[in-house]
Each structure stands twice: as structure tokens, then as C-alpha cells.
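The structure under discussion appears below in the form of C-alpha cells.
Numbering (UniProt numbering), first residue to last: 1 to 210.
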């Protein structure tokens, strides 16, 4: 899922990680600060951009701060991926659950993640490195969580479990395809009123009872 309802949370986090170098005496850096900086770097230049010295410079600190929180680069990558999972999956699900109506939850979730998908480079960067063992494990977990949650919403809407699962998978593949097109061939995607009509067309088909 694109960041959608978690945008404000993540923008705040990335603003701290990706902004001008902070003065080392201004605030003691946390493991989350490092994870946010790593996520920002992944979104910009891919997993290879996660390196201690450039991130330390980005955060306005020294390598000593990194080793205070992490034993090695892999530990930072794991923390960053966990942070991504929290911001871009769990936070969105939590926000979606505040809506009591199943159909409204489905519509709001789908519309918001689709609308935000083309502007989210982080998801594409992670998918591009899906063969990395650490990334692969998190992608599997996140993918199953997302599809399972959307399937749960379709089941709450009234579809039997097997059909709800099929529709959850269909909705998620639609989201991934939209995300891919948004980065590879953005002009192929509708915008404005055409986007609204497209989203309504997709949701009508997903919610239709055969």
C-alpha cells in the first residue's frame, strides 16, 4: 500500500531524516531516526544507498551514533524495513478500521492508496530488490498482511471467504500495477476527474455480486 493515511506520520519522519544535517547537540539520535534516514535513502537511490557514513552525514552525526544503536548494516536495514511495515501497512490498517462501514472502508482504502501509489518511490525501490533476503522476508509478510486485510474487508462486505480472498488479491494486483505504471509510464495513468472515474469503475467491479 502506498502511504495514504500514514502520509503525515512518514513525512514527519522523513523530514527529520532527509532534511539538512542536524546539529549533533540539538537532539540525541534514536534508532528510529536512523531507520527513517535509511528509508529515505532507499526511496531515493535503492537499498545500496544504505551506508553508515553517508547516513551519518545526512543526520549530522558520527558513525559512533550508528554503532550505539546497531551492530551492523543488516541490523539497520531490518529496522528500516520494520519501520516501513509499521508506517505503510499497520498504520494504514489502523486508520482504516476507524470507519465502521465495510464498503466505505474498502472504498476509502483503495482510493487513497491508489491515489498515492505513483508518488511513492520507496515501494518500487523495495520491489526492485525483492531478491535480497532481508527485503524478501518483509515483502512476503507485508504482502500477505495486506491481501489478507483486504480479503477480510470483502468478507465483512458479504462475500464468502474464498471469493473474498480472490477479490482481495485482485484489488492488490491492481494497486501494484498502478504503482508500477506510475513510475515507469506515468502518462498512461488517468488524472483528475478521469482518475476518479477510473477508481469508481474499479470499485464497482470489485464490489459487484455476480
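Glycine is no exception: its CB is placed at the ideal position from the N, C-alpha and C atoms.
Practice prompt. State the start and end residues of the unbroken alpha helix (DSSP H) segment that holds residue 110.
Written response: On the chain shown, residue 110 is found 110 positions in, with the first residue counted as 1. Its alpha helix (DSSP H) spans residues 102-117.
Item to complete: Can you give me the start and stop residues for the alpha helix (DSSP H) that residue 69 sits inside?
Response: Translated into positions along the chain shown, residue 69 becomes position 69. Taken as a continuous stretch (DSSP letters only), the alpha helix (DSSP H) holding residue 69 covers 63-69.
Fill in: Minimum C-alpha distance to residue 59 - residue among 36, 70, 46
On the chain shown, position 59 is the one that residue 59 refers to. When each option's Cα is compared against that of residue 59, the closest is 36.
Discussion item. Only counting the same chain, and skipping five residues up and downstream in sequence, which positions put a Cβ closer than 8 angstroms to that of residue 190?
Written reply: Position 190 of the chain shown, counting from 1, holds the residue named residue 190. Here the set comprises 197, 198.
Worksheet item: Looking at C-beta atoms only, is the number of pairs between the segment 117-128 and the segment 42-52 that lie closer than 8 angstroms three or more?
Response: yes
Item to complete: Determine, using beta-carbon pairs with one atom in the segment 168-177 and one in the segment 142-152, whether at least three such pairs fall under 8 angstroms.
Response: yes
Worksheet entry | Proximal residues to residue 159 (C-beta, below 7 angstroms), its chain only, five neighbours per side dropped | Taking the chain shown and counting its residues from 1, one reaches residue 159 at position 159. 167.
Item to complete: Starting from residue 30, trace the alpha helix (DSSP H) both ways and give me its first and last residue.
Response: As a first step, residue 30 must be located in the chain shown, where it is residue number 30. Premise fails: residue 30 is in no alpha helix (DSSP H) and is neither H nor E.
Practice prompt. May I ask you to report which of helix, strand or coil DSSP gives residue 50?
Written response: For the purposes of this step, residue 50 is taken as residue 50 along the chain shown, with counting starting at 1. The answer is coil: DSSP assigns residue 50 none of H, G, I, E or B.
Worksheet item: Quick one: Cα of residue 179 to Cα of residue 121, how far?
Response: The residue labelled residue 179 in the question sits at position 179 within the chain shown. The residue labelled residue 121 in the question sits at position 121 within the chain shown. Near 9 angstroms, if we compare the C-alpha coordinates of residue 121 and residue 179.
Item to complete: Consult DSSP for residue 182 and reduce its assignment to one of helix, strand or coil.
Response: Position 182 of the chain shown, counted from the first residue, corresponds to residue 182. DSSP places residue 182 in helix when its eight states are reduced to three.
Worksheet entry | Contact set for residue 69: own chain, Cβ-Cβ below 7 angstroms, skip 5 residues either direction | As a first step, residue 69 must be located in the chain shown, where it is residue number 69. 31, 34.
Item to complete: Could you tell me the boundaries of the alpha helix (DSSP H) in which residue 74 lies?
Response: Mapped onto the chain shown, residue 74 falls at position 74. Element bounds for residue 74: 73-85.
Practice prompt. Throw me the rounded Cβ distance for the residue 157 and residue 102 pair, which I believe falls under 8 angstroms.
Written response: Start at 1 with the first residue of the chain shown, and residue 157 comes out as number 157. Start at 1 with the first residue of the chain shown, and residue 102 comes out as number 102. Yes, residue 157 and residue 102 are in contact; Cβ-Cβ is about 4 angstroms, under 8 angstroms.
Worksheet item: Would you say residue 118 and residue 183 are within 8 angstroms of each other, going by their C-beta atoms?
Response: Taking the first residue of the chain shown as position 1, residue 118 is located at position 118. Taking the first residue of the chain shown as position 1, residue 183 is located at position 183. Yes. Within cutoff.
Item to complete: Put residue 189 into one of helix, strand or coil per three-state DSSP.
Response: As a working mapping, residue 189 is identified with position 189 in the chain shown. In the structure shown, residue 189 sits in coil (DSSP, three-state: anything other than H, G, I, E or B).
Practice prompt. For chain B, find out if any of its Cβ atoms is closer than 8 angstroms to the Cβ of residue 49; answer yes or no.
Written response: In summary, chain B is missing from the structure at hand, where a single protein chain is found.
Practice prompt. Measure from the alpha carbon of residue 195 to the alpha carbon of each residue in 144, 145, 115, 206, then state which is nearest.
Written response: The residue you call residue 195 lines up with position 195 of the chain shown. Closest by alpha carbon: 115.
Worksheet item: Should residue 29 and residue 61 be called a contact, given that it needs their Cβ atoms to be closer than 8 angstroms?
Response: Translated into positions along the chain shown, residue 29 becomes position 29. Translated into positions along the chain shown, residue 61 becomes position 61. A contact, by the Cβ cut-off of 8 angstroms.
Fill in: Contact under 8 angstroms by Cβ, residue 138 with residue 55
Locating residue 138 in the chain shown gives position 138, where the first residue counts as 1. Locating residue 55 in the chain shown gives position 55, where the first residue counts as 1. No, the pair does not count as a contact, with Cβ atoms beyond the cut-off.
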